[in-house]
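S.K.: Under the working numbering, read the sequence shown as residues 42 to 330, first letter to last.
The C-beta atom is built at its ideal place from N, Cα and C for all residues, glycine as well.
Computed from a predicted model, the values in this text were never measured in an experiment.
First, the structure itself, so that you have it in front of you.
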Amino acid sequence: ADEDADDDDDEEEEEEEETAPEAWMGPDVAAKISASWADDPRSMRFVARREYRLRCNWKVFADNYLDGGYHVPFAHPALVADGVDMKKYETEILGEYVSVQTVNGGEFARFSAEDSAAKAAAIETQKENRSRRSEAKRKKATKRLSPTARRKAENAPRADDRAPSRGAPAAELTRLGDSALYAFVYPNLMINRYGPWMDVNVVLPAGPNECVVLFDYFIRADAAGATDAFVNESLRASDAVQSEDKWLCEKVQGGLESPGYGTGRYAPAMEAAMYHFHRRLWRDLTAEA
């Protein structure tokens, strides 16, 4: 009898595991996301967890994630230089709670590690050239200022001192693969799939102007060439991207708190997922208890 009870419990647990996504997202949406995977997510092995604390409201982080790649050319120029084709960035709304962003056809999967390292060096050179041009313009502009204003301008922190490093890491091209999928499940879960990797993010409010984001990284168990060096370099590359997003989100939070802030319009071609998130949140916040 005990064995029969154990068997029944096992069957119930298996049924719960199989039906959880359908019950959570709805059968149509769950099927859509499942069909987008090239392999079974259950074949992934856990690699690491990273935690990031940001000085911004949790919704600012969600907005940054949901802007249809609008911030990518500005916050992550190394990704664009590596071949992320922003013209092929697409957004799809799936039901009440899910949006999916995809980008396909990038050139970054076609390069060797040597090519990647060379491109990283070229990007670093471009960054240095931009910095020199910016500094030259700054010096030229300060000559027109009064002595007091000139001293303040000369002592102000440079943009490169405030922003994180944006050089392309050597493993960037191989870790990304030739397509990526970014799924957002309302209100605060993100599932990202690229190359042999999957990372799952949860953003948690820690106050009105602070949040914590948890990143759990998984890699295909059968991924060829997934050496310790590749894994560590891929994690470092991802950390660089998160640092860029952290810097951007905290700047946005500062702008929101500015007395000069005013609401603006959505960019319809890119911010459909953000609008979907805002509408869902507005309905929840204004619903009668």
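I need the boundaries of the alpha helix (DSSP H) containing Arg321, first residue and last residue.
M.R.: Start and end: 313-327.
S.K.: Quick one: Cα of Met85 to Cα of Gly236, how far?
M.R.: 12 Å
S.K.: With DSSP run on the structure shown, which of helix, strand or coil describes Ala264?
M.R.: coil
S.K.: By a C-beta neighbour count over all protein chains shown, 10 Å radius and 16 as the cutoff for buried, is Thr132 buried or exposed?
M.R.: Counting C-beta atoms within 10 angstroms of its own C-beta, Thr132 has 16 or more neighbours from the protein chains shown and is therefore classed as buried.
S.K.: Determine, using beta carbons only, whether Ala314 and Leu95 come nearer to each other than 8 Å.
M.R.: no
S.K.: Count the other C-beta atoms from every protein chain shown that fall within 10 angstroms of the C-beta of Gly109, then say buried if there are 16 or more, exposed otherwise.
M.R.: Flag for Gly109 reads buried.
S.K.: Return the CA-CA distance between Glu312 and Met231, expressed in angstroms with no decimal places.
M.R.: The alpha-carbon atoms of Glu312 and Met231 are separated by roughly 16 Å.
S.K.: How long is the line joining the alpha carbons of Arg203 and Ala278, rounded to whole angstroms?
M.R.: With a pLDDT of 45 at Arg203, under the threshold of 50, the modelled position of this residue cannot be trusted; read the value that follows with caution. Spanning the two alpha carbons is a distance of roughly 19 Å.
S.K.: Could you tell me whether the Cβ atoms of Cys97 and Glu274 are closer together than 8 Å?
M.R.: no
S.K.: Would you report the Cα separation of Val254 and Val226, rounded to the nearest angstrom?
M.R.: 15 Å
S.K.: Are the beta-carbon atoms belonging to Ala224 and Val139 less than 8 Å from one another?
M.R.: yes
S.K.: Pick out whichever of Val243, Trp238, Arg320, Gly301 has its Cα sitting closest to the Cα of Phe271.
M.R.: Trp238
S.K.: Relative to the C-alpha of Pro249, which residue among Gly266, Ala281, Ile260, Leu297 is closest?
M.R.: Leu297
S.K.: In angstroms, rounded to a whole number, what distance separates the CA positions of Gln142 and Arg173?
M.R.: Rounded to whole angstroms, Gln142 to Arg173 spans 36 Å at the Cα level.
S.K.: Does the beta-carbon of Asn170 have 16 or more other beta-carbons within 10 angstroms, so that it is buried, or is it exposed?
M.R.: exposed
S.K.: Closest to Glu220 by C-alpha separation, out of Asn229, Arg234, Pro228, would be which residue?
M.R.: One point to set straight first is that residue 220 is Ser, not Glu, in the sequence displayed. Out of Asn229, Arg234, Pro228, Arg234 has the C-alpha closest to the C-alpha of Ser220.
S.K.: So what's Pro309 in DSSP terms, helix, strand or just coil?
M.R.: coil
S.K.: For the alpha helix (DSSP H) containing Asn233, list its first residue and its last residue.
M.R.: Unbroken run through Asn233 is the beta strand (DSSP E), 230-235; no alpha helix (DSSP H).
S.K.: With a cut-off of 8 Å on the beta carbons, I'd call Ala103 and Val244 a contact; round off their distance for me.
M.R.: Contact flag correct, Cβ pair sits at about 6 Å.
S.K.: Answer yes or no: do Arg83 and Asp257 have a C-beta to C-beta separation smaller than 8 Å?
M.R.: no
S.K.: When we look at the beta-carbon of Leu326 and count the other beta-carbons within 10 Å, is it buried (16 or more) or exposed?
M.R.: Counting every other CB atom within 10 Å of its CB across the protein chains shown gives Leu326 a total below 16, marking it as exposed.
S.K.: Mind checking which residues open and close the beta strand (DSSP E) that includes Arg277?
M.R.: Careful: Arg277 lies outside any beta strand (DSSP E), inside the alpha helix (DSSP H) at 269-297.
S.K.: Quick test of your reading: His317 and Ile134, contact by CB under 8 Å. State the CB separation rounded to the nearest angstrom.
M.R.: Indeed, because the Cβ distance is near 5 Å, the residues count as touching under 8 Å.
S.K.: In three-state DSSP terms, what is Asp257?
M.R.: strand
S.K.: So, is Trp323 buried or exposed, given that buried needs 16 or more other C-beta atoms within 10 angstroms?
M.R.: exposed
S.K.: For Ala247, collect the residues of the same chain with a Cβ closer than 6 Å to its Cβ; drop the 5 residues on either side in sequence, then sort them by chain order.
M.R.: Val253
S.K.: To the nearest angstrom, report how far apart Ser157 and Ala64 are at their CA atoms.
M.R.: Residue confidence is low: Ser157 scores 45 on pLDDT, short of 50, so the model does not pin down where it sits. No coordinate-derived value is stated.
S.K.: Keeping to the same chain, check which residues put their C-beta closer than 7 Å to that of Lys287; ignore five residues upstream and five downstream.
M.R.: A distance below 7 Å between beta-carbons, with the five flanking residues on each side excluded, links Lys287 to the following residues of its chain, in chain order: Tyr93, Leu95.
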